[in-house]
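The listed protein sequences correspond, in order, to chains A and B.
Note that this note's numbering numbers the first sequence so that position 31 is 32, with each residue one more than the last.
Note that this note's numbering numbers the second sequence so that position 13 is 5, with each residue one more than the last.
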Amino acid sequence: MKVVLIDYGAGNIRSVANALNALGIEPEVVADPARLDGTTHLVLPGVGSFGDCMSRLNERGLVEPLRERIAAGTPYLGICLGYQILFETSEETSEGVAGLGIFKGRVKRFEDQPGLKVPHMGWNSVVPRKPDSGFWGGLGREPYFYYVHSYFPAPEDDSIIAAETTYGADTFAAAIQTDTILAAQFHPEKSQEAGQQLLKNFFALTA
Amino acid sequence: MLAKRIIPCLDVTDGRVVKGVNFVDLIDAGDPVEAAMAYNAQQADELVFLDITASSDNRGTMVDVVRRTAAHCFIPLTVGGGIRSVENMHEMLMAGADKVGVNTSAVKNPDLVDAGAKAFGSQCIVVAIDAKREGPGKWGVYTHGGRTPVGLDAVEWAKEVWRRGAGEILLTSMDADGTQAGYDLGLTAAVSEAVGIPVIASGGAGNLDHMVEVLEQGKADAVLAASIFHFGKHTVGEAKRHFAKHGIPVRPPFGAASA
């Protein structure tokens, strides 16, 4: 197993590495596409902005290699921005910066509502749409995960939505899943037992 | 539903918890990593380390504390005290902190808030505001433990740091701090209603009802507390059960949601 943690120079790599270490997984931190050979799992964490993330991936020549490997079925775990960049574009960038475009849809901002604090910050309940898929095993009906974000993806294809969370007037796709992809807006690496269980499930199902 | 957060705060100097933490299960109550792990086990929602000496000599010690804590506690960790530059922020974030707190350094150099938010994202930047009542409905910003007025209105300053890119405000009432007589509800509500980012209420928690009051009447998004938890008066779990009784959304213990 070669778990690659993509380092694009902004994400909080160490938190994710720590959470994986606790599961007995030693990820390789990779910023250079030449070091992707033999990758069995890709993990892309991330905080910051959509445009910044894409331009840093571009600078490092990582965009095409990532797109190819994800499309070819290399298991991919995306966290926060690592989830958002799977889509076509984001309202966060005025210039319409393109994401990886693995899925159709765009990344939207929370609607302005009186009294609603943005970023959406803290622990919120996550309702799995596919509770029997295996990814959500051992997590109960409505596990709590830690969020910190102002934007969320709106997938065009409803069938990829794995779980939903409600904040203010928005009920958004908290996570998506396919056979090889699990990507979430929340931070499993900061979500204590629930997060560790989800990470464990992902690696068990994509082993 | 988004839960209200309970955030224990550990004051640290020279790598030791100040005044100690009085849990029965701790071998070394002065070790911040051990105290952090005890709060992690109690299902605290986040943790704050405040380096109260905040000298540059001390920073290396704090980095080590953060690194060791982040390896074991998978909840968000904020580090404040002595963060004076984007480089200082970077150092703490690389050690495993999720957010950094700035207070005096932001008052002296407000551009630090913009620079930090630009470099690491707003979610990383917590601006701590120490406020003291100066008249009816009016609070001033103070530094140096409430001794030095800086000539800023607390509500206006909160709005300014929000505009500059702060992701959260940690608001301490200098009048209430240490009294255990309750949070300053007026101050907290005034700031929380003036900004569009979460506000953590701090200073004055003497019992669990005080926390309920500041979450309800004070419109706080989270409560920070030290002594009420440190000396075993209450656990985080007791606080959550108390909140739930009052209809305040909390994160239940892992596994309980499925019951």
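The beta-carbon is built from N, C-alpha and C at its ideal position, and this holds for glycine as well.
- For Lys191 (chain A), no alpha helix (DSSP H) segment is defined, and its DSSP state is neither H nor E.
- Chain A has no Cβ within less than 8 Å of the Cβ of Arg233 (chain B).
- Leu39 (chain B) sits close to Ile67 (chain B), with the two beta carbons spaced by under 8 Å.
- Asp20 (chain B) and Glu26 (chain B) have their C-alpha atoms spaced approximately 7 Å apart.
- Using a Cβ-Cβ cut-off of 8 Å, Asp37 (chain B) counts as an interface residue toward chain A, since at least one Cβ of chain A sits closer than that to its own.
- By the criterion of at least three beta-carbon pairs nearer than 8 Å, the segment 129 to 141 of chain A is in contact with the segment 158 to 167 of chain A.
- Just so you know, the alpha carbons of Leu200 (chain A) and Thr140 (chain B) end up roughly 48 Å apart.
- Think of a sphere of 8 Å around the beta carbon of Ala20 (chain A): the chain B residues whose beta carbon falls inside it are Phe66, in chain order.
- For Val191 (chain B), the enclosing beta strand (DSSP E) starts and ends at Val191 to Ser194.
- Chain order gives the chain B residues near Val48 (chain A) as Phe112, Gly113, Gln115 and Cys116, where near means a beta carbon separation below 8 Å.
- When 8 Å is used as the limit between beta carbons, Met86 (chain B) is near these residues of chain A: Arg15, in chain order.
- Contacts with chain A (Cβ-Cβ distance below 8 Å) from the segment 156 to 174 of chain B involve Gly159 and Glu160, listed in chain order.
- Under DSSP, Gln178 (chain A) takes part in a beta bridge, and its partners are A:Leu183.
- In the DSSP annotation of this structure, the continuous segment of the beta strand (DSSP E) that includes His42 (chain A) starts and ends at His42 to Leu45.
- With contacts defined by Cβ atoms closer than 8 Å, Asp176 (chain B) and Gly196 (chain B) form a contacting pair.
- When the five nearest sequence neighbours on each side are left out, the beta carbons in the same chain lying within less than 6 Å of the beta carbon of Trp131 (chain B) are those of Ala123, Arg125, Ala146 and Leu179, in order along the chain.
- Under the three-state reduction of DSSP output, Leu69 (chain B) falls in the strand class.
- Taking the Cα of Ser91 (chain A) as reference, the smallest distance to any Cα among A:Gly39, A:Met55 and A:Gly62 is reached at A:Met55.
- Distance from the Cα of Leu24 (chain A) is smallest, within the candidate group A:Gln198, A:Arg110 and A:Thr207, for A:Gln198.
- The beta carbon of Thr70 (chain B) sits closer than 6 Å to the beta carbons of Val40, Lys91, Gly93 and Val118 from its chain, once the five residues preceding and following it are set aside; these are given in chain order.
- Here DSSP, grouped into helix, strand and coil, assigns His121 (chain A) to strand.
- In the DSSP assignment, the residues bridged to Cys1 (chain B) are B:Val40.
- Secondary structure of Thr207 (chain A) (DSSP, three-state): coil.
- Secondary-structure assignment with DSSP links Thr135 (chain B) through a beta bridge to B:Thr140.
- Below 8 Å, too few C-beta pairs join the segment 46 to 54 of chain A and the segment -6 to 5 of chain B to call them touching: fewer than three.
- Non-local beta-carbon contacts of Ala173 (chain B) in its own chain, meaning distances under 7 Å to residues more than five positions away in sequence, involve Gly196 and Gly198 in chain order.
- Leu200 (chain B) is a Cβ neighbour of His234 (chain B), given a cutoff of 8 Å.
- In the three-state reduction of the DSSP assignment, Tyr31 (chain B) falls in the helix class, which pools H, G and I.
- Here Ile71 (chain A) really is in contact with Tyr77 (chain A); their C-beta atoms are around 5 Å apart, less than 8 Å.
- Residue contact with chain B for Met122 (chain A): present (Cβ-Cβ distance below 8 Å to some residue of chain B).
- For Phe223 (chain B), there are no C-beta contacts with chain A under 7 Å, since the nearest C-beta of that chain is about 24 Å from it.
- By the CB criterion at 8 Å, Phe146 (chain A) and Ala195 (chain A) fall inside the cutoff.
- Secondary structure at Ser91 (chain A): strand, using DSSP grouped into helix, strand and coil.
- Per the coordinates, the alpha-carbon of Val187 (chain B) lies some 14 Å from the alpha-carbon of Ser114 (chain B).
- According to DSSP, Lys225 (chain B) shares a beta bridge with no other residue.
- Within chain B, no residue has its CB atom less than 8 Å from the CB of Lys3 (chain A), the nearest being about 22 Å off.
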